[in-house]
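Following: one structure in structure tokens, then a few remarks.
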Amino acid sequence: MINLILFGPPGSGKGTQAENIVKKYSFLHISTGDLLREEMKNETKLGLKAKNFMDKGDLVPDEVVIGMLEDKLRNNQQAKGIIFDGFPRTVNQAKALDRMLETLNKSIDRVLSLKVNDEVLVERLLKRGAISGRADDRNESVIRNRIEKYWNKTSPVAEYYDSKCVLMEIPGEGSIGETFELLCGQLEMLVE
Ligand code: AMP
């Protein structure tokens, strides 16, 4: 099983590229943002708790997200490969993921980090908000807070994986197709 993290700030294209990878390689896509939105839609206790953070563009507390991820991982051990999208977002989450994978005798094979300039991210997210209906994509100050949280809390995760020699940076400002080709170039080395 290949364990891949698609890493990058909000709006860098993780979700879109994860879908492309799923189509080509039949990996399982685990997006903590999607899982949280599903919990919110179903008005579960977890969803109601997460909503307070997500509406403001803040990170949902580690223990909530880690517990949710553990359940998902436990139920999908037969997957050919997994793409983690939007997780881990803190070094604490990255360490928890390592521990979970270790109990399954596995580890993260590659972290593909999409690089996109902040102003391009704001522009992309506002455009997405106009069609997606996602409340956190419609308000520029919420978008800017999400990007700030990325730089303050999430970007150290890249250093964590760099120290483990699994980080690979990918330019993410080209077209969807161009970025996908760059990602596939990396993936071909992992999938025989
Ligand atoms: P996303 O769909 O990945 O952009 O995530 C949307 C929102 O869900 C984020 O702004 C956070 O509030 C929350 N979220 C998603 N994944 C995580 C995570 N791994 N840790 C904390 N909060 C998260």
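Letter by letter, the sequence shown follows residues 107 to 298 in my numbering. Using N, Cα and C, we set each Cβ at its ideal position, and we do this for glycine too. Remember, predicted model here, so these are calculated numbers, not experimental data.
Practice task
Starting from the Cα of LYS259, find the closest Cα among ARG180, LYS129, ARG195 and give me that residue.
Solution key: ARG195
Problem - Check whether ASN182 and LEU134 have beta carbons under 8 Å apart - result: yes
Practice task
Could you spell out the range, first to last residue, of the beta strand (DSSP E) harbouring PHE193?
Solution key: From DSSP, PHE193 is part of no beta strand (DSSP E); its letter is neither H nor E.
Handout entry: Nearest-angstrom beta carbon gap, LYS157 and MET146 [assumed within contact, 8 Å]
Key = 5 Å
Problem - Rounded separation between ASP191 and PHE113 - CA only - result: 7 Å
Practice task
Look at TYR267 and VAL222 and say whether their C-beta atoms are less than 8 Å apart.
Solution key: no
Exercise for the section: May I ask you to check if the CB of MET160 is nearer than 7 Å to at least one heavy atom of the ligand AMP? Expected result: yes
Handout entry: Selected residue, minimal CA-CA separation from MET295, among ILE282, ALA202, VAL272, SER118
Key = VAL272
Practice task
Taking only the alpha-carbon atoms, compute the straight-line gap between SER213 and MET206 and give it to the nearest angstrom.
Solution key: 9 Å
Exercise for the section: Tell me whether LYS221 sits in a helix, a strand or coil according to DSSP, three-state version. Expected result: strand
Exercise for the section: Put ASN258 into one of helix, strand or coil per three-state DSSP. Expected result: helix
Handout entry: GLY187 - partner residues in DSSP beta bridges
Key = ILE108
Practice task
Could you say which of PHE193, ASN148, LEU154 lies nearest to LYS120 if we only look at CA atoms?
Solution key: PHE193
Practice task
Over the uninterrupted alpha helix (DSSP H) stretch that includes ILE127, give me the two end residues.
Solution key: 120–131
Practice task
Let me know if PRO277 comes out buried or exposed under the rule of 16 or more other beta-carbons within 10 Å of its beta-carbon.
Solution key: exposed
Handout entry: Option nearest ARG180 by Cα separation, candidates VAL263, SER281, MET107, LEU210
Key = LEU210
Practice task
Can you grab the Cα-Cα spacing for the pair LEU175 / PHE286, in whole Å?
Solution key: 26 Å
Exercise for the section: Can you grab the Cα-Cα spacing for the pair LEU142 / SER281, in whole Å? Expected result: 28 Å
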